[in-house]
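Notes for the one structure printed next.
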Amino acid sequence: MLTHLALVLLSIGGLPSAGAVDPLVNLGYSSYRGVGYSTGVTEWLGIRFAAPPLGELRWRAPEAPLQNEAVIDADTHGPICLPTPGSNDTTASEDCLFLEIYAPSQASTASKLAVYLFIQGGGFNVLSSANYNGTSLVQASDMNILVVNFNYRVGLYGFLASQEIVDDGNTNVGLLDQRMAMEWVQKYICLFGGDPAHVVLGGDSAGSASILLQMMAYGGRDDGLFQAAAAESATFGNMLNVSESQYQYDAVIERVGCGYDVVQDTLGCLRSLNASVLQANNYNIPYPNNGVGAGAPIYMYQPTIDGSFIADYTYRLLQQGNFVKVPIIFGDDTNGGTIFTPQNTSTYAEMDQFMVDQWNALTPSQLQTMNALYPPADIYPNSGPLWRTVSNAYGEMRIMCPSLAIGSAFSVYSDAGSWIYRYNVMDPTEMAEGYGVPHTVELAAIWGPENVVWRPYGVASGTAPASYYPGQVNAAIVPVIQGYWTSFIRSYNPNTYRVPGSPEWGQWTVYGKDRIVLQTNATVMEVVDYGQQSRCAWLEAIGILTQQ
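Here is the structure:
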């Protein structure tokens, strides 16, 4: 009986020798010529994994890529997907469903390398970590893994939901794009030396949240698309169902001239518009009935509870054990909220308004309890006295406490292994500015500082913190973090191939609550302090009520 690999290879013109993969790879629908570098890594950039989601394919599940007989030079990144709010970014396009592969140049189709499939973040509204170069990770694994990055639709294009879209389209198409990329890996990654039976999902922020949603997809159905997950800074945003999301659709059609009083087929009208028209009218608005003075949420478009891909609130699905049981790494940064919150926050009334703007189901009673749980914190120059207070509340509600809840749910329902971390590497500039150890800064260590090309905060926007580069104060953390991550990718355990001298990373249990604290020259296991345990227990208890 022919193997899956043999069937794929026969379909594109025969079985290869056991030698290294040729940079020119025939996928059947297109051929892509990658580029090998002196680093020992070959890169294939700009590979289409789905058809352009344009026109009639807007707000529909992705379709198979179109046939293209030409040989394509895979030496240029494909454009990233259009963001919300709309922008004039010339590197973004609605035609954006591309992926890229970084593989050892000496890999063969018989290598069966572990695959690290990375889902980038950006609050489901932008792609914030596009085109990260996987070379450093491949090298850190001793050439035993390959890395895949990809784009998926976000914002208006990825997560608009309404009854009209349910009737003539698909909700959560950004998540369906992710699923399509996973299915592409199952079919084609063997041609690059990868093992489709050894796929580890990675992701940061919304990408990390996506990992959990993919684990919970269709009620926790295991389609064999991944075998483990290493997720950084997972976020639990505000989840609405289709009817609750209708106001977003209604606002868009009015702004672009496709309103109910203008046309009969409002969705058809939206699909007929040029993307430039949509982008000019693509911005966030407050939740309905939030009152005078309400602001728009930071991230308005979010995954929608549609009764199909997403069956219920994340907290409820966790509590019920409705997820794929695989080994996991989850964690967060010590000060995950600082980059999101208004730096001029001065009163609890301002803090309450900001929190309600993000989670409109929060009640006055819950806000009163929250204010008591989060007393005034340190004050920083050019900041309001409650900036760090609201940052602590937002950071724990959206990011830190979800990671602990995930660890506990997996330790109860799965014996596959769960490892939780707190990232506490202190960059001098970030500390002085009051950001502390901010959201997703661990990416600089995981990928290597030279490969992190985007950051939404700090004085060095667009680069990793200076302290992570060779010869600087935090340079030593990079090989340690890469050791844990590549060990997990290779063996589903962060300890197997960790850097010699690195502490053993103990597993999380619901009773022990032990996590690793990752910090330069001082990495150590800790028990989550009682104060954070208590706050997180309360936030988890109200999580379903606050639509998380």
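Read left to right, the sequence shown gives residues -20 to -1, 1 to 528 (mature numbering (1 follows the signal peptide of the UniProt record, and there is no 0)). In this text, a Cβ means the ideal position worked out from N, Cα and C, and glycines have one as well.
Can you check whether the CB of residue j is closer than 9 Å to the CB of residue i?
i: valine 21; j: valine 106; result: no
i: alanine 83; j: leucine 126; result: yes
i: alanine 110; j: leucine 155; result: no
i: leucine 97; j: phenylalanine 130; result: yes
i: residue 543; j: cysteine 61; result: With the chain represented from -20 up to 528, any question about residue 543 goes unanswered, as that position is not in the structure.
i: leucine 498; j: valine 405; result: yes
i: isoleucine 52; j: glycine 26; result: yes
i: tryptophan 465; j: glycine 101; result: no
i: alanine 209; j: isoleucine 308; result: yes
i: glycine 135; j: asparagine 218; result: no
i: valine 306; j: glutamine 207; result: yes
i: residue 549; j: cysteine 381; result: This structure does not reach residue 549, given that the chain is present from -20 up to 528, and the question cannot be answered.
i: leucine 298; j: methionine 331; result: no
i: arginine 378; j: threonine 503; result: no
i: tryptophan 399; j: tryptophan 339; result: no
i: alanine 412; j: valine 458; result: no
i: alanine 389; j: glycine 301; result: yes
i: valine 153; j: proline 33; result: yes
Please report the straight-line C-alpha distance between residue i and residue j, rounded to a whole angstrom.
i: alanine 329; j: valine 370; result: 11 Å
i: glycine 414; j: leucine 4; result: 49 Å
i: arginine 296; j: isoleucine 524; result: 7 Å
i: asparagine 221; j: serine 383; result: 23 Å
i: threonine 526; j: threonine 294; result: 11 Å
i: valine 432; j: aspartate 241; result: 47 Å
i: isoleucine 426; j: alanine 90; result: 27 Å
i: serine 256; j: tyrosine 229; result: 17 Å
i: alanine 456; j: isoleucine 233; result: 52 Å
i: valine 179; j: tyrosine 279; result: 30 Å
i: isoleucine 71; j: phenylalanine 78; result: Sequence check: residue 71 is threonine here, not isoleucine. Those two C-alpha atoms are separated by around 13 Å.
i: histidine 57; j: phenylalanine 29; result: 13 Å
i: tryptophan 35; j: glutamine 194; result: Note that residue 35 is glycine in the sequence shown here, rather than tryptophan. Going from the Cα of glycine 35 to the Cα of glutamine 194 covers about 27 Å.
i: glutamate 49; j: alanine 161; result: 22 Å
i: aspartate 407; j: asparagine 315; result: 12 Å
i: alanine 138; j: lysine 493; result: Here residue 138 is glycine; the residue named in the question, alanine, does not match the sequence. For glycine 138 and lysine 493, the distance between alpha carbons rounds to 36 Å.
i: asparagine 372; j: glycine 187; result: 22 Å
i: tyrosine 168; j: leucine 7; result: 7 Å
i: threonine 115; j: threonine 500; result: 23 Å
i: valine 417; j: valine 243; result: 50 Å
i: serine 514; j: leucine 258; result: 45 Å
i: aspartate 395; j: threonine 489; result: 10 Å
i: glutamine 166; j: tyrosine 12; result: 18 Å
i: threonine 19; j: leucine 342; result: 52 Å
i: residue 561; j: isoleucine 265; result: Since the first residue of the chain shown is -20 and the last is 528, residue 561 is not available in this structure.
Thinking just about the alpha-carbon of each residue, which of the options is nearest to the one in residue i?
i: asparagine 362; options: Gly387, Gln333 and Asn324; result: Asn324
i: tryptophan 24; options: Pro42, Pro32, Arg40 and Asp2; result: Asp2
i: asparagine 124; options: Ile60, Gln499 and Ile469; result: Ile469
i: glutamate 422; options: Phe206, Gln452, Gln462 and Tyr393; result: Gln462
i: threonine 321; options: Gly275, Asn302 and Ala341; result: Gly275
i: phenylalanine 310; options: Val304, Arg251, Val272 and Tyr401; result: Tyr401
i: tyrosine 112; options: Tyr472, Glu430, Gly271 and Gly481; result: Glu430
i: threonine 64; options: Leu93, Arg478, Asp55 and Gly103; result: Gly103
i: residue 536; options: Val165, Gly248 and Ser108; result: Coverage of the chain is limited to positions -20 through 528, which leaves residue 536 absent and any answer about it impossible.
i: tyrosine 9; options: Gly(-2), Ala31 and Ala(-1); result: Ala31
For residue i, count neighbouring Cβ atoms within 10 angstroms of its own Cβ and tell me buried if that reaches 16, exposed if not.
i: aspartate 203; result: exposed
i: arginine 201; result: exposed
i: aspartate 184; result: buried
i: leucine 46; result: exposed
i: glutamate 506; result: exposed
i: leucine 205; result: buried
i: alanine 440; result: Only weak support exists for where alanine 440 lies, its pLDDT of 40 falling under 50; the coordinates are left without a value.
i: proline 355; result: exposed
i: glycine 317; result: buried
i: glutamate 376; result: buried
i: glutamate 43; result: exposed
i: glycine 173; result: buried
i: glutamine 282; result: buried
In three-state terms, what does DSSP make of residue i?
i: threonine 71; result: coil
i: proline 459; result: helix
i: lysine 305; result: coil
i: leucine 498; result: strand
i: tryptophan 24; result: strand
i: methionine 219; result: coil
i: residue 549; result: Examination of residue 549 is not possible in this model, given that the chain is present from -20 through 528 alone.
i: aspartate 53; result: strand
i: threonine 526; result: coil
i: valine 272; result: coil
i: valine 153; result: helix
i: glycine 173; result: coil
i: asparagine 129; result: strand
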